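Chemist:
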Amino acid sequence: MPESAYQKRRDFSRTPEPDRDKPPGGDDPLFVIQKHDASTLHYDFRLEVDGTLKSWAIPKGPSTDPREKRLAVMTEDHPRAYADFEGVIPEGEYGAGTVLIWDRGRYENITRKEDGLRAIGDALKDGHLLVRLHGEKLSGGYALQRMEGDDWLLIKMDDDAADARRNPVSTEPDSVASGRSLEEIAAEAGA
Ligand code: MN
């Protein structure tokens with residue numbers, strides 16, 4: 006396959022821009038957003054970093070509008086295998102309630118420093134990272150910016166995937182893994 010003009014003009018060891026005529030694949034780490042109907046409904050945003058899932062709880066869920074800043078409270082790391090979990094956590098257990106895989110896919114770290122990409126572990130320590138999501142509902146760049154303590158903001162970057170008119174949290178509520186709603190997952194677990 007011939008190189009595109011886009012590729013020829015860029016040294017991808019030096020630029021964080023995407024080297025993408027190929028689809029995201031198995032080399033990229035995964036992300037998942039789990040809608041969690043616990044004591045209060047929230048969205049658990051998780052990024053695979055070094056084999057574990059860095060996690061934030063987003064009360065209002067992610068937005069596709071760059072003007073919307075969404076509070077994202079950092080929570081404990083989860084094992085990578087948790088990305089596949091959809092079901093009901095029983096009463097009395099930590100996080101009791103129904104979990105639905107709201108979106109998932111691969112992501113790229115596109116955090117910049119002067120001379121190229123900033124490693125994601127360093128970006129996390131800095132409290133500033135940029136990721137490009139390749140999900141089923143969400144795509145394009147998102148910024149995660151630490152404010153104070155465990156409080157971060159998740160903000161859509163102003164790129165081709167930004168869209169102030171979309172509101173996938175309300176218009177696309179169901180699971181990308183099973184097509185089920187929270188109510189259906191809860192009912193099947195109880196049956
Ligand atoms: Mn949760």
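Taking the working numbering, I'd label the letters of the sequence shown as residues 6 to 196.
Every residue, glycine too, gets a C-beta built ideally from N, C-alpha and C.
Please read these numbers as outputs of a predicted model, since none were measured by experiment.
Once the 5 residues before and after Ile38 are set aside, which same chain residues still bring their CB inside 6 Å of it?
Modeler: Here the set comprises Tyr48, Phe50, Trp107 and Asp108.
Chemist: Helix, strand or coil: how does DSSP classify Ile115 here?
Modeler: In this structure, Ile115 counts as coil in the three-state DSSP scheme.
Chemist: Mind checking who Val93 pairs with in its DSSP beta bridge?
Modeler: BP columns for Val93 point to Thr103.
Chemist: Leaving aside the five residues before and after Gly195 along the sequence, list all residues of the same chain whose C-beta is less than 8 Å from its C-beta, in chain order.
Modeler: Cβ neighbours of Gly195 beyond the five flanking positions: Val93.
Chemist: Can you determine whether any heavy atom of the ligand MN sits closer than 6 Å to the C-beta of His197, and answer yes or no?
Modeler: The chain is shown only over 6 to 196; residue 197 falls outside these bounds and no answer can be derived.
Chemist: Within 10 angstroms of its Cβ, does Glu91 collect 16 or more other Cβ (buried), or is it exposed?
Modeler: Buried: at least 16 other Cβ atoms inside 10 Å.
Chemist: If we cut at 7 Å on Cβ distances, does Arg171 have a partner in chain C?
Modeler: In summary, chain C is missing from the structure at hand, where a single protein chain is found.
Chemist: Would you kindly report the start and end of the unbroken alpha helix (DSSP H) that includes Ala191?
Modeler: Here the alpha helix (DSSP H) through Ala191 covers Leu187 to Gly195.
Chemist: Quick check on Leu129: does DSSP put it in helix, strand or coil?
Modeler: The answer is helix: DSSP assigns Leu129 an H, G or I state.
Chemist: If you count every other CB in all the chains shown that lies within 10 Å of the CB of Ala192, and 16 or more means buried, which is it?
Modeler: Ala192 should be labelled exposed.
Chemist: Quick one: grab the DSSP three-state call for Arg85.
Modeler: Reduced to three states, the DSSP call for Arg85 is helix.
Chemist: Looking at the structure shown, is Ser183 part of a helix, part of a strand, or coil, going by DSSP?
Modeler: If DSSP states are grouped into helix, strand and coil, Ser183 belongs with coil.
Chemist: Does the segment 114-123 come close enough to the segment 71-83 that 3 or more CB-CB pairs lie under 8 Å?
Modeler: Short answer: they don't touch.
Chemist: In whole angstroms, what is the alpha-carbon distance linking Glu119 and Pro95?
Modeler: Their backbone Cα atoms lie some 48 Å apart in a straight line.
Chemist: Taking Thr45 as the reference, which of Lys59, Ser183 and Gly100 has the closest Cα?
Modeler: Of the candidates Lys59, Ser183 and Gly100, the one whose C-alpha sits nearest the C-alpha of Thr45 is Gly100.
Chemist: Apply the 10 Å Cβ neighbour rule to Thr176 and answer buried if 16 or more other Cβ atoms are within range, or exposed otherwise.
Modeler: Exposed is the call here.
Chemist: From the DSSP output, in three-state form, read off Asp33 for me.
Modeler: In the structure shown, Asp33 sits in coil (DSSP, three-state: anything other than H, G, I, E or B).
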